[in-house]
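Residue numbers (our numbering): 95 to 849. Where is the CB? At the ideal position from N, CA and C, for every residue including glycine. Since this is a predicted model, take the numbers as computed values, not measurements. Step one of this worksheet: look at the structure below.
Here it is as structure tokens:
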């Protein structure tokens, strides 16, 4: 069929008009769908930012509370000390009572030189110096620095990336006393952020107000600690404080939508950065396709139906993705183990999570649009109303309350109300409610267990004393107080030797202390002979005592416990006879018979621990001449005086044995390096260089020492003693008053007396 020309023109114009109309409609739809996608992405990121920032705000507030608590404890102790040392009386369990939170590292109390005064966890034995840390210098130079967050760093203790948060503490006169610093492992934040799906080239960033990057998720950690100060994006966020904008990242040059806000009361910015491609990638692909379809429709209107269907399908797919994004955000809020809600300035509920159903029996649908007075019992409404009104006035609120849940079980809760500010106006408030019932129950259970333990200790007849790792008393029960003559309030903080004074039955100084041995070896120790306990009033009783170390769940030493009780005179005499068989009658030192089993045990311990053991063989130079010239009585007095000097130079774990005459053996168990034995030999030689006054005579003897070392010089006790004996004679032949190692040239000490 042939159509008139005008008819064809009209059909062409109509087709073009339809095509142009379709094209215009498609372009408008693309614009609107892009706008909708962008607005939804911005809203979703804003909601995500709020959730992340509130959890981070809560975490930082908890850390600051812990630091403030420790600062208050330090300043209270310092201000009440009157200038006297105050740390001895400061209990770590009180000082760090608020420092035990998941994800936190060690909390340190530093002095004004950057040294560690106290730590919430045990540190390696080497000295620590934090005076070069940025936060320490800030507090040292500025008394008003407040809460300071330092640059991220790699922990020297566990190799984990961490950030340090700190506050300054002052002495009573206001002078700089030091810093309380709490470390936060960045892995905790990484674990938190890992629950969010943002798409490629997108992430969550935590940045200090000076521009230092703390956390970038999910990117690699190579930019953590770098500074964004001076970049256009950071300066804009610093200027505005809160909001959103499009910008090109300074680090990787990717264009992103940034939604950001600063944390109230902390020098921290949080932003959710989503790449333009992640937001509009799907839309751009659809736009290209629809543009091609539009051109095809302009040349062939027959494709109108197919193009319209395809366009509708695309719209449905975009809407489905947006609904999925909303669903995922709702899942995040509903998965939080806290009540989350939003109330407008008329106290009408606008949002709540599913936790309200589990706790209160109300679904989010039942709550939205209703006034709080309709949802709470009247008494509870009257209780929370003042807090809500204060929050709507712009003041955040946190308080505790106990309420029954939907099953009637009373729960202990902590409620936090946060104002939602829009410029100078508060539009509403966010509500976060956390269940602390288990924590309260645990605290009560711990209190009951502590009371039961206290009652048990107060009812037994054995004396019980507990100490810290330094051997200072933390507790003694009534039986121990009665036997020592000390009250708990008088004894707490004192050295064990000051309160529990013990002597060998024959008098003189004790050669081994179960408490010190238990602290050094981390093994239970029982006194090898009974001791005599000398009370504060001078009463003397024979006792048996033992000591055991106290280890925490990680095997770290936290102290020791000493248990002792009185023994009868007959048993004490029997033990006295046993003691005399194994000890020298004149000096009270263990004899060679006692050396054999102890030395073999020490060798076994050194083998099992992979450590060394040293034998020092001592011989007094010039003693025979004194004995021959002045008689045995004077010689015995001289020998006793020299023995006391030598014993005073030993470590707590060292034991000296008398071999006979003027010869002695010192056993150094479990040592790490030969230099330890060499330093002890020097101390022993120097101790004998001062004349001894006996019956008005100034008598002088020196000492020659031979040293052998397990495993370098032998693996058998007799072999080590023989080698040390030969080394001692080498020292004597070299001029005396010196020491020699097995198989090495002797070493004399400078400024010694003539041989």
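Chain-order list of residues whose beta-carbon lies under 6 Å from that of residue i (same chain, five-residue window excluded)
i: residue 664; result: Summary for residue 664: the model assigns pLDDT 44, below 50, so the residue's position carries little reliability, and this model does not support an answer.
i: residue 610; result: 746
i: residue 838; result: none
i: residue 223; result: 208
i: residue 111; result: none
i: residue 144; result: none
i: residue 365; result: 299, 352 and 354
i: residue 339; result: 352
i: residue 620; result: 640
i: residue 356; result: 335 and 363
i: residue 570; result: 559, 582 and 585
i: residue 342; result: 349
Per DSSP, the bridge partner or partners of residue i
i: residue 634; result: 628
i: residue 524; result: 436 and 512
i: residue 823; result: Looking at the DSSP assignment, residue 823 forms no beta bridge with any residue, so it has no partner.
i: residue 835; result: 801
i: residue 306; result: 321
i: residue 465; result: 442
i: residue 368; result: 351
Same chain, Cβ closer than 8 Å to residue i, five either side skipped, listed in chain order
i: residue 651; result: 216, 563, 613, 616, 643, 644 and 645
i: residue 177; result: Because residue 177 carries a pLDDT of 48, less than 50, the predicted location of this residue cannot be relied on, and no value is offered for it.
i: residue 304; result: 321, 323 and 361
i: residue 715; result: 795, 796, 797, 798, 826, 830, 831 and 849
i: residue 485; result: 491, 511, 512, 513, 520 and 523
i: residue 270; result: 206, 233, 234, 237, 262 and 264
i: residue 778; result: 710, 712, 740, 743, 760, 797 and 799
i: residue 108; result: none
i: residue 383; result: 404 and 408
CB-CB length for residue i against residue j, believed under 8 Å
i: residue 327; j: residue 310; result: Actually they are not in contact, since the Cβ atoms of residue 327 and residue 310 sit about 13 Å apart, beyond 8 Å.
i: residue 799; j: residue 711; result: 7 Å
i: residue 482; j: residue 523; result: 6 Å
i: residue 159; j: residue 192; result: 6 Å
i: residue 762; j: residue 772; result: About 11 Å; that fails the 8 Å criterion.
i: residue 286; j: residue 198; result: With 8 Å as the limit, residue 286 and residue 198 do not qualify as a contact, their Cβ atoms being about 14 Å apart.
i: residue 744; j: residue 760; result: 7 Å
i: residue 574; j: residue 558; result: 6 Å
i: residue 686; j: residue 751; result: 6 Å
i: residue 433; j: residue 527; result: 4 Å
i: residue 590; j: residue 561; result: 6 Å
i: residue 628; j: residue 597; result: 6 Å
i: residue 274; j: residue 161; result: 5 Å
Neighbourhood of residue i by C-beta, 7 Å cutoff - its chain only, sequence neighbours within 5 removed
i: residue 782; result: 736, 739, 795, 796 and 797
i: residue 630; result: 578, 579 and 580
i: residue 272; result: 203, 204, 205, 206, 211 and 263
i: residue 284; result: 309 and 311
i: residue 98; result: Note that residue 98 scores a pLDDT of 49, beneath 50, so its modelled location is shaky and nothing firm can be said.
i: residue 775; result: 710, 799, 801 and 833
i: residue 721; result: 729
i: residue 135; result: 351, 368 and 373
i: residue 441; result: 465, 466 and 482
i: residue 425; result: none
i: residue 789; result: 728
i: residue 252; result: none
i: residue 102; result: With a pLDDT of 46 at residue 102, under the threshold of 50, the modelled position of that residue is not reliable, and the figure given next carries that caveat. Nothing listed; no residue qualifies.
i: residue 42; result: A question about residue 42 goes unanswered here, because the residues of the chain that appear run from 95 up to 849.
i: residue 698; result: none
i: residue 847; result: The predicted position of residue 847 is uncertain, since its pLDDT is 43 and thus under 50; no value can be drawn from it.
i: residue 380; result: 408
Uninterrupted beta strand (DSSP E) stretches inside the region 789-816 (no shorter than 3 residues): 791-793 and 796-804
Three or more C-beta pairs below 8 Å linking the region 532-544 and the region 433-451: no
Segment contact flag, the region 782-798 with the region 689-699, C-beta cutoff 8 Å, min 3 pairs: no
Sufficient close CB pairs (3 or more, under 8 Å) joining the region 163-176 to the region 365-375: no
At least 3 beta-carbon pairs within less than 8 Å: the region 230-247 vs the region 259-277: yes
Touching by the beta-carbon criterion (3+ pairs, under 8 Å), the region 469-478 and the region 500-508: no
Any alpha helix (DSSP H) of 4 or more consecutive residues that is wholly inside the region 701-759: 717-724 and 726-742
Secondary structure, alpha helix (DSSP H): runs of 4+ residues fully inside the region 324-355: 326-334
Ranges of the alpha helix (DSSP H) found wholly within the region 542-622, counting only runs of at least 4: 572-578, 582-585, 590-593 and 608-615
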